[in-house]
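**Student:** Counted from 1, the sequence shown has number 863 at position 308 by our numbering; the numbering is strictly sequential. What follows is a structure written as structure tokens; I'll ask about it next.
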Amino acid sequence: MVIPVFGGVDVERIYRGLVASPGLTYSAIAVLKRKVVLEGAIESEKVRDVNAEVDRLERAKKRLMEELEKLKESAPEEEKDLLDAEVMMLEALVAEATELILSEGIRAEVAVKNVFERYAKQLKEASSSTIALRVHDLEDLATRLIGILMGVYEKEVKLLRGKVVVADKILPLDFMNLIRCGISGIVSREGGLTSHVAILARSYGIPYLIVSDLDVSTLSDGYTCILDCINGVLIINPRESTLERYRDVIAMYRELSRVCREEALKEAVTRDGIRVHVLCNVGSIEEAKVLKSYGGEGIGILRLEFVYMGRSSPPTAEDIEKVLEEIVNSVDGEVTVRALDIGADKPVKFLQLTPESNPQLGLRGIRLLLQYRDELLKPFIEATLRLAARVGDKLRIMLPLVSSPIEVKEFMKIVEEVENELREKGVRYSRPKLGIMVETPAAAILLDRFVKAGPIEFISLGTNDLTQYVLAVDRENPRVAHLYSELHPAVLRLIRDVVERARRCGLDVEICGEMTSNVYAIPILISIGIRKLSVSPSFVGRTKYVIRKLNVSKIKPIIDELIDEASTPEEVREVVTRLLRDFGVKLLV
556 MVIPVFGGVD
566 VERIYRGLVA
576 SPGLTYSAIA
586 VLKRKVVLEG
596 AIESEKVRDV
606 NAEVDRLERA
616 KKRLMEELEK
626 LKESAPEEEK
636 DLLDAEVMML
646 EALVAEATEL
656 ILSEGIRAEV
666 AVKNVFERYA
676 KQLKEASSST
686 IALRVHDLED
696 LATRLIGILM
706 GVYEKEVKLL
716 RGKVVVADKI
726 LPLDFMNLIR
736 CGISGIVSRE
746 GGLTSHVAIL
756 ARSYGIPYLI
766 VSDLDVSTLS
776 DGYTCILDCI
786 NGVLIINPRE
796 STLERYRDVI
806 AMYRELSRVC
816 REEALKEAVT
826 RDGIRVHVLC
836 NVGSIEEAKV
846 LKSYGGEGIG
856 ILRLEFVYMG
866 RSSPPTAEDI
876 EKVLEEIVNS
886 VDGEVTVRAL
896 DIGADKPVKF
906 LQLTPESNPQ
916 LGLRGIRLLL
926 QYRDELLKPF
936 IEATLRLAAR
946 VGDKLRIMLP
956 LVSSPIEVKE
966 FMKIVEEVEN
976 ELREKGVRYS
986 RPKLGIMVET
996 PAAAILLDRF
1006 VKAGPIEFIS
1016 LGTNDLTQYV
1026 LAVDRENPRV
1036 AHLYSELHPA
1046 VLRLIRDVVE
1056 RARRCGLDVE
1066 ICGEMTSNVY
1076 AIPILISIGI
1086 RKLSVSPSFV
1096 GRTKYVIRKL
1106 NVSKIKPIID
1116 ELIDEASTPE
1126 EVREVVTRLL
1136 RDFGVKLLV
């Protein structure tokens, strides 16, 4: 929501939005004018030398290819397959644009734009959310290519350093380029709280606000702003009185950040002596090796997708075992490995997956693994069985997106099959502890049946998907993203019920997902009995800071009543805010 003002466009304007990544900064803004670049490629007179024009396009392509390769070198493993896809898309885009230049004698910029628009029209007619993402990727490439041809990006790094970048939308490739430029924050009109870019922003500690009613065309480079991703506020051209008020807040935020860095290396123990383990969400070998410096006590979820990305064939059991052993040996605490979770929205090169109209409800998680048991599941099982013989209980594995106890039974049949094969070969093996991701309402409701279906010893609540499925909200859809909230009472009641069922079944419980990084959720999760939280490494300090301030025996009655009586996420947040303040937690609100 924008708070109306009177006068020129350079007076103070206040917008309210959704906080995708916390932080606080005061800086000049830089507007990403993607649309302006595309519109700049207007029809003009025919070129005299088509070969020279093709050469110009090739030089632009070469430069963009070099940029993609540089990004690939510094990108986390799980991002590299995305960049490989960008390279292939760029090759196709330039090939068709070259044909247009030669056949119609048009400028390279216009040729690229025409090819993009034709592809975009065809893709949009597919009416698939996955295909829509490909349109965004293609638009990103076309815009960058035209920008290079027009000389728009020549001084990008110097111009963006220290700025808050504002755009209609930010794509993953955008973000990785912006990080290289040293930006201080981002604001977009489109986006979701659990979108790829939001997760990246939290990982890098970059403040990110999503403002759905932002009119980017009314903003100009050089405007100043306060980006308050604590309270969800963007203030354009703040008055002196506003700046004066925020100077103390910014100073307090910096002090709180310092305190949280100190808290990160301490144990998370509540005031009444309850020990809580704070683990980390990890998606690469590099992250695993540094999590101890962040204060992480182990790996709550190791996303294994990076082992599969960018490959032309599936990894062997030896490939997987080698990676897992390196990670397990680099971490002091337990390592919980999630089996591969891919689908039509997160494809790998060596599987030809059919595009789906709703991939979040399609062939992914354990469903896909069981369908590709020889290519995907058996090598994973063999690797973990062999490694567990050497590292023991330090290694745990869990199955993603289960919705039927039959899936666990089928998985165990394959485990027994692999064990027989290893026994015949005389290879030592041991079963790691097995758990399931509780991400579907079916898994939450039928938890006791899953326990009977196989030797389940623990569960991990995957709150991103669970919240989405409970609320029937597409978290990637900007038109309904504001309805997505882990603090919704329906979600909280279900989580509490799952924890109680798990306790009766004798299961260990941990929770992962973006909910664990929500400061307002932490008191609730601790009160209902969760003693293991898995967070992004950059949130370990803040999580421990909040936990060490709490007294569970005092807040539990308040939280129980809140979950029973609240009707909206806003009610929950209001009560928890008062509670946190009473216990001396600095919220900057």
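For each residue, glycine too, the CB sits at the ideal point set by N, CA and C. Note that the coordinates shown come from a computational prediction; the quantities given were computed from them, not determined experimentally.
1. Can you check DSSP and say which residues form a bridge with A585?
2. Checking the sheet assignment: what are the DSSP bridge partners for T580?
3. Under the DSSP definition of a beta bridge, which residues are partnered with F1013?
4. What ranges does the beta strand (DSSP E) occupy inside the region 841 to 921, keeping only unbroken runs of at least 3 residues that lie completely in it?
5. Determine the burial state of M643: buried for a count of at least 16 other Cβ atoms within 10 Å of its Cβ, exposed for fewer.
6. Are the beta-carbon atoms of V1053 and Y1039 separated by less than 7 Å?
7. To the nearest whole angstrom, what separates the beta carbons of A1045 and I1014, a pair I think is in contact under 8 Å?
8. Select from I1118, R1136, I1081 and E1125 the residue whose C-alpha is nearest the C-alpha of V824.
9. Would you list the residues sitting across from A1172 in a DSSP beta bridge?
10. Alpha carbon to alpha carbon, how far is I829 from V1127?
11. Just mark V982 as buried or exposed, buried being the case when its beta carbon has 16 or more other beta carbons within 10 Å.
12. Which ranges does the beta strand (DSSP E) cover as unbroken runs of at least 3 residues, wholly within the region 725 to 795, from first to last along the chain?
13. Let me know if D695 comes out buried or exposed under the rule of 16 or more other beta-carbons within 10 Å of its beta-carbon.
14. Check whether the Cβ atoms of P914 and G898 sit closer than 7 Å, and answer yes or no.
15. Ignore the nearest five residues each way along the sequence and tell me which others in S1145's own chain have a CB closer than 7 Å to its CB.
16. So what does N836 bridge to, in DSSP terms?
17. Please list the terminal residues of the continuous alpha helix (DSSP H) segment that includes M967.
18. For A1008, which residues in the same chain have their Cβ closer than 6 Å to its Cβ, ignoring the five residues on either side in sequence?
19. Are there three or more Cβ pairs, one per stretch, closer than 8 Å when the region 1132 to 1141 is compared with the region 1104 to 1124?
20. Looking only at C-alpha atoms, which of R1048, A663 and L782 sits nearest to T1018?
21. Can you tell me the Cα-Cα spacing of K904 and Y927, whole angstroms?
22. Under a three-way DSSP split, which group does K1099 fall into?
23. Distance, Cα to Cα, E1055 vs D1063?
24. Looking at the unbroken alpha helix (DSSP H) that takes in Y1024, where does it start and where does it end?
25. Any idea if A647 is buried or exposed, counting beta-carbon neighbours within 10 angstroms, 16 or more meaning buried?
26. Going residue by residue through the region 1069 to 1124, where are the continuous alpha helix (DSSP H) segments of at least 4 residues, counting only ones entirely within it?
27. Identify the continuous alpha helix (DSSP H) that holds R1004 and give its terminal residues.
28. When you compare each of K988, G920, I991 and D929 to V973 by their alpha carbons, which one comes out closest?
29. Let me make sure I understand the geometry here. Which of E622, S839, V892 and K933 has the alpha-carbon closest to that of C736?
30. For I661, name the three-state secondary structure that DSSP assigns.
31. Please state whether DSSP places L1042 in a helix, a strand or coil.
32. CA-CA distance, V1130 and L1117?
33. Examine the Cβ distances between the region 1023 to 1037 and the region 990 to 1008 and report whether three or more of them are shorter than 8 Å.
34. Distance check for I921 and V957, CA to CA, integer angstroms please.
35. Go ahead and pull the three-state DSSP assignment for L954.
36. Considering R571, what are the terminal residues of the beta strand (DSSP E) in which it resides?
**Tutor:** This is what the structure gives:
1. The sequence position of residue 585 within the sequence shown is 30, counting from 1. A585 is bridged to V720.
2. As a working mapping, residue 580 is identified with position 25 in the sequence shown. T580 is bridged to L782.
3. Indexing the sequence shown from 1 puts residue 1013 at position 458. BP columns for F1013 point to G990 and D1063.
4. 854 to 858 and 890 to 893
5. Here residue 643 refers to the residue found at position 88 when the sequence shown is read from its first residue. Per the 10 Å Cβ criterion, exposed.
6. Counted from its first residue, the sequence shown places residue 1053 at position 498. Counted from its first residue, the sequence shown places residue 1039 at position 484. No, they are not a contact pair.
7. Looking up residue 1045 in the sequence shown gives position 490. Looking up residue 1014 in the sequence shown gives position 459. Rounded, the Cβ-Cβ distance is 19 Å, inconsistent with contact.
8. Translated into the one-based positions of the sequence shown, residue 824 becomes position 269. When only C-alpha atoms are compared, the closest one is I1081.
9. Past the boundaries of the shown model lies residue 1172; the chain is included only from 556 to 1144, so the question cannot be answered.
10. Here residue 829 corresponds to residue number 274 of the sequence shown, with the count starting at 1. Here residue 1127 corresponds to residue number 572 of the sequence shown, with the count starting at 1. Roughly 23 Å between the two C-alpha positions.
11. The residue labelled residue 982 in the question sits at position 427 within the sequence shown. Classification for V982: exposed.
12. 740 to 743, 763 to 765, 779 to 783 and 788 to 791
13. Working through the sequence shown from its first residue, we reach residue 695 at position 140. Burial call: buried.
14. Taking the sequence shown and counting its residues from 1, one reaches residue 914 at position 359. Taking the sequence shown and counting its residues from 1, one reaches residue 898 at position 343. A contact, by the Cβ cut-off of 7 Å.
15. Limits of the chain in this structure are 556 at one end and 1144 at the other, which puts residue 1145 out of reach.
16. If you number the sequence shown from 1, residue 836 lands on position 281. In the DSSP output, where bridge partners are listed per residue, N836 has I856.
17. If you number the sequence shown from 1, residue 967 lands on position 412. P960 to K980 is the extent of the alpha helix (DSSP H) around M967.
18. Along the sequence shown, one-based indexing puts residue 1008 at 453. Closer than 6 Å at the Cβ level, and outside the excluded window around A1008, lie P960, V963 and K964.
19. yes
20. Start at 1 with the first residue of the sequence shown, and residue 1018 comes out as number 463. Answer by Cα proximity: R1048.
21. For the purposes of this step, residue 904 is taken as residue 349 along the sequence shown, with counting starting at 1. For the purposes of this step, residue 927 is taken as residue 372 along the sequence shown, with counting starting at 1. The alpha-carbon atoms of K904 and Y927 are separated by roughly 14 Å.
22. The residue labelled residue 1099 in the question sits at position 544 within the sequence shown. In this structure, K1099 counts as helix in the three-state DSSP scheme.
23. As a position in the sequence shown, residue 1055 is number 500, starting the count at 1. As a position in the sequence shown, residue 1063 is number 508, starting the count at 1. Near 11 Å, if we compare the C-alpha coordinates of D1063 and E1055.
24. By 1-based counting over the sequence shown, the position of residue 1024 is 469. Segment T1018 to L1026, the alpha helix (DSSP H) holding Y1024.
25. What you label residue 647 is simply residue 92 of the sequence shown in a count that begins at 1. It is exposed - the Cβ of A647 has fewer than 16 other Cβ atoms within 10 Å.
26. 1077 to 1082, 1095 to 1104 and 1107 to 1120
27. Counting from one through the sequence shown, the residue named residue 1004 turns up at place 449. Looking at the DSSP string, the run of the alpha helix (DSSP H) that includes R1004 is L1002 to A1008.
28. Locating residue 973 in the sequence shown gives position 418, where the first residue counts as 1. Measuring from the Cα of V973, the nearest candidate turns out to be D929.
29. In the sequence shown, residue 736 corresponds to position 181, counting from 1. Nearest of E622, S839, V892 and K933 to C736, Cα basis: E622.
30. Sequence index remark: in the sequence shown, residue 661 carries index 106 (1-based). The answer is coil: DSSP assigns I661 none of H, G, I, E or B.
31. Within the sequence shown, numbered from 1, the residue matching residue 1042 stands at position 487. The answer is coil: DSSP assigns L1042 none of H, G, I, E or B.
32. As a position in the sequence shown, residue 1130 is number 575, starting the count at 1. As a position in the sequence shown, residue 1117 is number 562, starting the count at 1. About 8 Å.
33. yes
34. Counting from 1 along the sequence shown, the entry for residue 957 is found at position 402. Counting from 1 along the sequence shown, the entry for residue 921 is found at position 366. Each residue's alpha carbon lies about 6 Å from the other.
35. The residue given as residue 954 occupies position 399 in the sequence shown. DSSP places L954 in strand when its eight states are reduced to three.
36. Position 16 of the sequence shown, counted from the start, is the residue given in the question as residue 571. Looking at the DSSP string, the run of the beta strand (DSSP E) that includes R571 is R568 to R571.
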